[in-house]
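Colleague: Take this structure, written in structure tokens, and hold onto it; I'll ask about it next.
2 protein chains.
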Amino acid sequence: MANPKSEILQQLKRDILTLVLKPGSILSETALSERFEISRTPLRDVLKQLELENYIDVYPKKGNLVSYIDLDSVEQIIYLRSTLEKELIKDLALQMPLKGTLELNRIVALQEQVMDRDDAHEAFLELDDAFHHTLFTLTGREFLWNLIQQCNVHYIRYRRLHLLKRDKLEALLQEHRRLLDCIEHRDLDSVDRLVMQHLRGDIHAKYLQENFAEYIQS
Amino acid sequence: MANPKSEILQQLKRDILTLVLKPGSILSETALSERFEISRTPLRDVLKQLELENYIDVYPKKGNLVSYIDLDSVEQIIYLRSTLEKELIKDLALQMPLKGTLELNRIVALQEQVMDRDDAHEAFLELDDAFHHTLFTLTGREFLWNLIQQCNVHYIRYRRLHLLKRDKLEALLQEHRRLLDCIEHRDLDSVDRLVMQHLRGDIHAKYLQENFAEYIQS
DNA sequence: TGCCGTCATCTTGTATACAAGAATGATTTA
DNA sequence: TAAATCATTCTTGTATACAAGATGACGGCA
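Residue numbers (our numbering), protein chains in the order written: chain A, 40 to 257; chain Y, 40 to 257.
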């Protein structure tokens with residue numbers, strides 16, 4: 040292991056994003072320092088970063104709580120991503136590097152493959168991320184992708200909960216196919232509608248509030 | 040003073056953004072702890088935050104340097120902001136709260152007033168920020184504005200250097216007026232072109248590289 | 001002269017003792 | 001019995017001593 044701090048950071052992030060650590064859970068400095076066999080000082084660095092990326096809320100002299108899902112920021116991130124990605128897709132439709140089409144098709148093909156696996160949801164979510172990430176890398180907007188990741192903790196958990204119940208993997212896959220069609224056939228006019236449908240089509244705050252109220256920010 | 044840490048953070052941020060602390064300057068923990076009469080531990084918290092918001096680069100066991108201006112991320116932030124803000128303006132054109140028009144007009148009027156002052160640049164930049172900030176608050180996108188602020192250190196310094204030489208305050212003010220016109224007359228078709236001109240019209244990387252090479256990232 | 005190794009002294013990174021606010025529960029008092 | 005107060009024991013916040021990597025200067029040596 041190269042750097043224990045980044046290992047711990049990655050693990051805590053993963054546990055929070057996958058809801059292994061539920062919103063409201065307490066992350067005590069002393070408990071974590073014993074668990075990871077490291078002193079409180081480097082551990083506080085990790086917690087500081089988790090705080091700045093909204094994974095936890097720090098209540099001075101009281102404790103650190105895993106943040107509750109903030110539906111307002113989820114809505115705004117979806118607005119940001121849909122606005123941005125429909126622009127990216129139009130850019131790609133006008134000037135797409137060859138390897139780009141190959142890469143996106145490869146991802147969609149993989150998504151078809153994992154549909155029947157036991158851990159379909161898990162694998163599908165990862166590939167969905169890969170698809171959108173590729174849109175950013177192909178247009179040279181890696182910086183913006185990283186920026187979005189920095190505030191993505193609410194959206195990622197929201198999507199995970201949302202997908203748990205309503206099985207719409209097939210629909211999402213179909214939408215990816217349609218977006219690829221737009222790029223390959225330079226069909227700029229359909230992009231806006233498709234992106235809106237793909238990213239904003241499934242905002243059902245009420246569903247989450249009814250079924251996962253204990254995870255939601257008041 | 041409520042919290043010394045946030046005071047120190049704000050002051051260092053301000054010094055870096057206004058180029059009082061030049062890119063490449065060293066921020067030593069011990070020097071700062073003596074200057075602010077505080078121990079290294081809380082000071083490291085401040086430096087950690089500056090690092091995560093790209094104000095400084097940390098070289099382990101060597102030192103902390105004020106970051107150089109990264110022109111690539113400047114370009115991407117401008118892309119992000121122009122894409123986002125032209126959408127916001129269209130939203131406002133379709134449904135503008137009354138107080139919104141008043142507030143934006145008030146800011147533009149203030150900009151006219153400060154044009155002749157000695158510190159015109161300083162005051163104008165602040166009001167320019169206020170204008171764009173208002174676009175976000177009126178549409179309920181405060182979260183996105185804050186997100187952009189988190190990675191704005193390169194863009195803010197870029198714009199400051201850029202405005203130093205080419206005196207285009209009058210042009211910027213005129214563009215604000217035109218954008219307001221679009222909103223008030225629901226002229227959606229002109230928005231894209233105007234926003235592009237306003238935010239992206241003045242990307243002159245070469246000018247900066249020639250005149251401020253010592254501030255630019257290699 | 002030129003090169004190499006050692007050491008002194010910077011830097012940040014870590015561990016730990018102590019300070020101080022917050023919460024909980026017990027004890028005392030009305 | 002109920003309420004209030006105090007003390008205990010959590011929590012994080014701070015100061016500081018020490019560890020360890022990086023750097024540069026100095027001196028020895030070929």
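Glycine included, every Cβ here is placed at the ideal spot set by N, Cα and C.
Where does L177/A land, buried or exposed, given buried means 16+ other C-beta within 10 angstroms?
Modeller: Within a 10 Å sphere around the beta-carbon of L177/A sit 16 or more other beta-carbons, which makes this residue buried.
Colleague: For S112/A and chain Y, any beta-carbon pair shorter than 9 Å?
Modeller: yes
Colleague: In three-state terms, what does DSSP make of Y118/A?
Modeller: helix
Colleague: For the alpha helix (DSSP H) that contains N185/A, what are its first and last residues?
Modeller: 181-188
Colleague: Is Y197/Y helix, strand or coil by DSSP?
Modeller: Reduced to three states, the DSSP call for Y197/Y is helix.
Colleague: Consider the Cβ of D84/A: report whether some Cβ of chain Y lies at a distance smaller than 9 Å.
Modeller: yes
Colleague: Give the interface partners of T173/A over in chain Y, defined as CB-CB distance under 7 Å, in chain order.
Modeller: Chain Y residues near T173/A: none, gap ~17 Å exceeds 7 Å.
Colleague: Using a threshold of 9 Å, state whether the C-beta atoms of H201/A and H237/A are closer than that.
Modeller: no
Colleague: For the stretch 64-93 of chain A, which residues have a beta carbon sitting closer than 9 Å to at least one beta carbon of chain Y?
Modeller: T80, R83, D84, K87, Q88, L91, E92
Colleague: Give a yes or no on contact between the stretch 89-102 of chain A and the stretch 138-153 of chain A, applying the rule of three or more CB pairs nearer than 8 Å.
Modeller: no
Colleague: Of the choices I108/A, K61/A, S45/A, K125/A, whose alpha-carbon is the least far from that of L82/A?
Modeller: S45/A
Colleague: Of the choices N42/A, Q88/A, Y107/A, whose alpha-carbon is the least far from that of F75/A?
Modeller: N42/A
Colleague: Three or more C-beta pairs closer than 8 Å, one from the stretch 227-236 of chain Y and one from the stretch 77-92 of chain Y: is that the case here?
Modeller: no
Colleague: Nearest-angstrom Cα distance between D130/Y and L174/Y?
Modeller: 10 Å
Colleague: Mind checking H193/Y: buried by the 16 CB within 10 Å criterion, or exposed?
Modeller: buried
Colleague: Any heavy atom of the ligand FMN inside 8 Å of the beta-carbon of P136/A?
Modeller: Summarising the ligand content, the structure contains no ligands, and the ligand FMN is consequently not present.
Colleague: Indicate whether at least one CB of chain Y lies closer than 9 Å to the CB of R145/A.
Modeller: Not one chain Y Cβ lies under 9 Å of R145/A.
Colleague: Determine whether the beta carbon atoms of Q115/Y and L212/Y lie at a separation below 9 Å.
Modeller: no
Colleague: Per the DSSP calculation, N103/A is bridged to which residue(s)?
Modeller: V97/A
Colleague: Excluding the five sequence neighbours on either side, which residues of its own chain have a C-beta within less than 8 Å of the C-beta of N144/A, listed in chain order?
Modeller: L219
Colleague: Put I55/A into one of helix, strand or coil per three-state DSSP.
Modeller: helix
Colleague: Answer yes or no: does any C-beta atom of chain Y fall closer than 9 Å to that of R232/A?
Modeller: No - not a single Cβ of chain Y is within 9 Å of the one on R232/A.
Colleague: When DSSP labels each residue in this structure, what does I77/Y get in the three-state scheme?
Modeller: coil
Colleague: In whole angstroms, what separates the C-alpha of V113/Y from that of L56/Y?
Modeller: 14 Å
Colleague: Taking the beta carbon of I128/Y as the centre, do at least 16 other beta carbons fall within 10 Å, making it buried, or is it exposed?
Modeller: Counting C-beta atoms within 10 angstroms of its own C-beta, I128/Y has 16 or more neighbours from the protein chains shown and is therefore classed as buried.
Colleague: Quick one: is T122/A buried, meaning 16 or more other Cβ sit within 10 Å of its Cβ, or exposed?
Modeller: Flag for T122/A reads buried.
Colleague: So L183/A contacts chain Y; which residues on that side make the cut at Cβ distance below 7 Å?
Modeller: Q115, L119
Colleague: Within the 9 Å Cβ cut-off, does R198/Y reach chain A?
Modeller: Cβ-Cβ to chain A under 9 Å: no for R198/Y.
Colleague: Quick check on I95/Y: buried or exposed, where buried means 16 or more other Cβ atoms within 10 Å of its Cβ?
Modeller: When all chains shown are included, I95/Y counts as buried.
Colleague: Rounded to a whole number of angstroms, what is the C-alpha to C-alpha distance between A70/A and W184/Y?
Modeller: 36 Å
Colleague: Note the first and the last residue of the continuous alpha helix (DSSP H) segment covering I65/A.
Modeller: Per DSSP, I65/A belongs to no alpha helix (DSSP H) and is neither H nor E.
Colleague: Shorter than 9 Å from the beta carbon of Q188/Y to some beta carbon of chain A?
Modeller: no
Colleague: Based on Cα-Cα distance, which residue from V234/Y, E124/Y, S257/Y lies nearest to A244/Y?
Modeller: S257/Y
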